[in-house]
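In our numbering, the protein residues as written are 2 to 452.
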């Protein structure tokens with residue numbers, strides 16, 4: 002099929018430059034989407050949020066990331082059109098347009114710190130994917146989608162869902178894999194970009210060009226796979242994600258800041274009216290708007306005011322880690338704590354705070370219920386990419402985890418057993434009255450016997 006899309010046919014000359022020395026090729030109609038207020042709002046949303054508390058260079062935005070994802074989507078689709086005759090024949094201009102626009106706009110529904118707050122599992126929190134439809138239906142962006150692309154916002158929302166309601170052709174299903182699959186352009190961009198801005202090498206140690214050039218299609222399942230020549234690149238991508246979670250996303254100080262923010266949100270959202278006003282405010286908020294809103298909500302409680310001021314306010318005084326619990330160290334306790342819902346963890350932390358307050362040496366610390374936090378990582382998150390490798394000789398497809406002991410070890414033995422740690426954080430004032438070793442002993446003993 003002859004495709005006459007300005008985003009792919011070489012007629013477009015305009016570029017947007019983003020780090021690191023990357024040209025994002027944009028057509029006139031793509032540029033019109035970028036110039037909308039809905040997309041420009043992404044300039045005010047940090048990509049990594051509280052990670053910047055530990056890695057000060059990690060202040061890049063979802064605006065930059067979205068442009069990077071769009072460019073990678075262009076490259077992957079161009080590769081598939083050139084390398085797979087069936088895909089070139091069956092993928093329609095409408096399907097490809099939908100994939101390209103979805104790549105560009107996939108983060109438009111985000112709001113400040115939404116991943117950290119969604120990880121709390123609170124039933125009143127609306128996921129950012131649900132907000133996406135509201136933004137895409139706005140008069141400016143909605144009109145452009147319809148006039149320039151022949152698309153409705155609801156089509157993009159459905160295309161990005163892990164379980165879409167619409168039925169797609171096999172080529173359309175493959176295109177969905179480009180954006181939301183085992184080896185997708187979102188992961189490829191954020192690992193490299195987050196690593197660049199954080200100032201660490203870990204997320205950039207995979208060969209993205211090799212990976213893209215090894216992408217192939219398993220038509221029997223309608224899925225994007227990897228040719229055997231890309232096996233090492235895929236292993237390195239898994240390793241990159243493993244190390245980025247271990248050293249950046251779940252760095253203990255990042256988790257401390259995250260636990261502090263989550264507790265703030267929990268304590269200031271006790272009533273239905275609070276929750277509704279939060280969602281209304283946050284849906285279109287910038288990071289600074291969010292900070293102001295939460296600081297204002299915390300003013301009625303001195304303990305919460307102090308907590309807010311040192312994590313999203315004018316100071317930085319993160320809570321200190323006093324206990325680490327991994328599956329390898331304490332499998333049963335680790336399992337029990339990870340199985341708890343957020344409110345259960347709060348109650349367990351309050352019980353621990355009460356126990357510590359009863360210690361004579363800590364009487365002068367004036368311990369409050371929010372001075373102790375228990376942080377458990379999300380249960381569902383996996384580092385492994387469940388991608389298939391096409392064998393050169395037979396043409397058969399086999400899971401990467403079966404062909405690579407490295408992937409199996411990282412995804413299960415290392416990530417689940419060591420990286421997914423449960424941690425206890427305390428207000429630094431406690432350590433002015435007791436040694437860290439003694440406090441750690443009290444905390445661990447209480448958790449083993451009372452939780």
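All residues carry an ideal CB built from backbone N, CA and C; glycine is no exception.
DSSP on residue 213, reduced to helix/strand/coil?
-> helix
Does the beta-carbon of residue 190 have 16 or more other beta-carbons within 10 angstroms, so that it is buried, or is it exposed?
-> buried
Since residue 314 contacts residue 296 with CB under 8 Å, what's their CB separation in whole angstroms?
-> 6 Å
According to the Cβ coordinates, are residue 192 and residue 245 closer than 7 Å?
-> yes
Taking residue 221 as the reference, which of 34, 87, 452 and 423 has the closest Cα?
-> 87
What residues match up with residue 454 in a beta bridge as DSSP calls it?
-> The shown model of the chain, from 2 to 452, leaves out residue 454, and the question about it has no answer.
So residue 8 and residue 101 are in contact, right, with Cβ under 8 Å, and what is the actual spacing, rounded?
-> 6 Å
Quick one: what does DSSP say residue 208 is sitting in, helix, strand or coil?
-> coil
DSSP three-state assignment for residue 397, whether helix, strand or coil = coil
Which ranges does the beta strand (DSSP E) cover as unbroken runs of at least 3 residues, wholly within the region 4 to 59, from first to last along the chain?
-> 16 to 19 and 23 to 26
Are residue 454 and residue 376 touching if we call contact CB-CB under 7 Å?
-> For the chain, the structure presents residues 2 to 452; residue 454 sits outside this window and is missing.
Please determine if the region 107 to 119 and the region 33 to 45 are in contact, where contact requires at least 3 C-beta pairs separated by less than 8 Å.
-> yes
What are the boundary residues of the beta strand (DSSP E) that residue 321 is part of?
-> 321 to 326
From 19, 248, 286 and 30, residue whose alpha carbon lies closest to that of residue 202 = 248
Report buried or exposed for residue 200, applying the criterion of at least 16 other Cβ atoms within 10 angstroms of its Cβ.
-> exposed
Range covered by the beta strand (DSSP E) that runs through residue 363 = Residue 363 -> no beta strand (DSSP E), and no H or E assigned at all.
When burial is assigned at 16 or more other CB atoms within 10 Å of the CB, is residue 381 buried or exposed?
-> exposed
For residue 376, the three-state DSSP class (helix, strand or coil) = strand
Roughly how many whole angstroms lie between the Cα atoms of residue 269 and residue 406?
-> 46 Å
Collapsed DSSP secondary structure at residue 425 in the structure displayed = strand
Go ahead and label residue 28 buried or exposed: buried means 16 or more other beta carbons lie within 10 angstroms of its beta carbon, across all protein chains shown.
-> buried
Selection from 141, 155, 360 and 144 that minimises the alpha carbon distance to residue 130 = 155
Would you check if the distance between the CB atom of residue 378 and the CB atom of residue 354 is smaller than 7 Å?
-> no
Same chain, Cβ closer than 7 Å to residue 435, neighbours up to 5 away in sequence not counted | 362 and 363
Straight-line CA distance for residue 168 to residue 89?
-> 20 Å
Can you give the Cα-Cα distance for residue 55 and residue 322, rounded to whole angstroms?
-> 14 Å
Could you tell me which residues DSSP puts in a beta bridge with residue 62?
-> 47
Is there contact between the region 263 to 278 and the region 290 to 308, where contact requires at least three CB pairs shorter than 8 Å?
-> yes
Backbone CA spacing between residue 1 and residue 5 [nearest angstrom] | Outside the displayed range of the chain (2 to 452) lies residue 1, so it cannot be described from this structure.
What do you reckon, are the CB atoms on residue 34 and residue 145 nearer than 7 Å?
-> yes
Tell me whether residue 138 sits in a helix, a strand or coil according to DSSP, three-state version.
-> coil
Return no unless some Cβ of chain C is closer than 7 Å to the Cβ of residue 353.
-> In the structure shown, chain C cannot be found, because there is only a single protein chain.
In the DSSP assignment, find the alpha helix (DSSP H) that holds residue 159 and state where it starts and stops.
-> 154 to 161
Sequence-distant residues of the same chain with beta carbon closer than 7 Å to residue 251, five excluded per side | 378 and 420
What residue range is occupied by the uninterrupted alpha helix (DSSP H) comprising residue 116?
-> 115 to 119
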